[in-house]
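Working notes, beginning with the structure itself.
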Amino acid sequence: MRWGDMDAYGHVNNVEILRILEEARIHAFGPPGGTGGPGREPVVALFNNVPAGTQALVAEHRVKYLVPLTYRNIPADIDVWISALKGASLTIAYVIRDPVTGESCAKAETTLAFVDGGSGRLLRIAPEQKDLMLPYLGSSVFA
């Protein structure tokens with residue numbers, strides 16, 4: 526969490542929660558291929574290990590705010606997994622927890638689609654990518 530994430534009520538603003546989800550997604554699955562400089566390898570090299578010109582675009586976000594996430598000078602705890610795997614899209618699930626109390630503050634899902642950056646055409650998820658994802662497949666937070 527960053528100091529600037531906090532709003533006038535003393536908790537992390539709802540818009541910043543989406544940024545936190547993005548950071549968790551990139552930390553877990555890597556930055557999009559061809560972006561940024563070298564760094565630590567992600568847990569699963571999903572997004573940084575795609576063919577050149579492939580983009581992983583957000584198609585949908587769904588967030589349920591359970592209790593306010595109070596700003597703290599330590600990272601929030603976030604569980605991240607894949608909750609749906611389809612032909613040309615996948616859904617990533619998250620639970621954000623207060624790092625001190627352990628209380629669930631928000632649950633969310635992000636649906637992503639792989640797209641050819643030149644044509645804008647949807648791309649099917651390659652079998653190798655599906656194999657990478659299968660160990661991290663779990664249930665939806667909204668089931």
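Under the numbering used here, read the sequence shown as residues 526 to 668, first letter to last. All residues carry an ideal CB built from backbone N, CA and C; glycine is no exception. Every value quoted in this text rests on a predicted model; they were computed, and no experiment measured them.
{"Query": "Is the CB-CB distance between Y590 and A631 below 8 Å?", "Result": "yes"}
{"Query": "Please return the same chain residues whose Cβ sits closer than 7 Å to the Cβ of V568, not counting the five positions on each side in sequence.", "Result": "A553"}
{"Query": "DSSP three-state label for K632, please.", "Result": "strand"}
{"Query": "Could you tell me the alpha carbon to alpha carbon distance between P593 and T635, rounded to whole angstroms?", "Result": "20 Å"}
{"Query": "Pull up the distance between the alpha-carbon of S629 and that of A638, whole angstroms please.", "Result": "27 Å"}
{"Query": "Given a cut-off of 8 Å on the beta-carbon distance, is the pair R587 and A633 in contact?", "Result": "yes"}
{"Query": "Using the C-alpha atoms, what's the distance from R527 back to A600?", "Result": "In the sequence as displayed, the identity of residue 600 is Pro instead of Ala. Straight-line Cα distance between these residues: approximately 9 Å."}
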